[in-house]
Amino acid sequence: MGFELIEHTADEGLHVWAPTLEGVFAEAAVGLIRVMGTAEGPPVSQEVTVESSDLDSLFVDWLSEVLFLFEARGVVPQRARVRIDRDANTLHATIDGVSAEVFSQEGPGVKAVTYHGLELAETDATVYLDV
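Numbered by this note's numbering, the letters in the sequence shown go through residues 1380 to 1510 in order.
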């Protein structure tokens, strides 16, 4: 499991991989915030449920929710436990991480998760972030 940044002229690309689709979603949540930097603070846990019209939308909506939790509540994921109901295009997750009381901005700020160039497969995904 892991992630890497992809150079792009206007956005920041994120490529993630894991043994399962749920792992891909989990790794993307951690990678999304790591694009911007790292944090120190007390441990936090956040329950999340996301429902979408299809699997690609579920991926983008999930990452958008993670970005919202970071911006609005200071939740910095270090690990996520994800369950996906493919029949209902629903995701249930627990995000474990830290509160961003001390956030070290090391990269660009992410404004939004985009559908541009989105590639989602069973064991990896590529997504571009508007920075």
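Glycine is no exception: its CB is placed at the ideal position from the N, C-alpha and C atoms. Please read all numbers here as calculations on a predicted model, not as lab measurements.
S1424: member of the beta strand (DSSP E) spanning 1422 to 1430, first to last residue.
For A1479, the secondary structure class from DSSP, reduced to helix, strand or coil, is coil.
Counting only the Cα atoms, I1412 lies some 12 Å from V1510. Of all alpha-carbon atoms in V1445, S1436, P1398, V1454, the one lying nearest the alpha-carbon of A1408 is that of V1445.
As far as DSSP is concerned, H1495 takes part in no beta bridge. Nearest to K1490 by alpha-carbon distance, out of S1483, P1398, L1448, is L1448.
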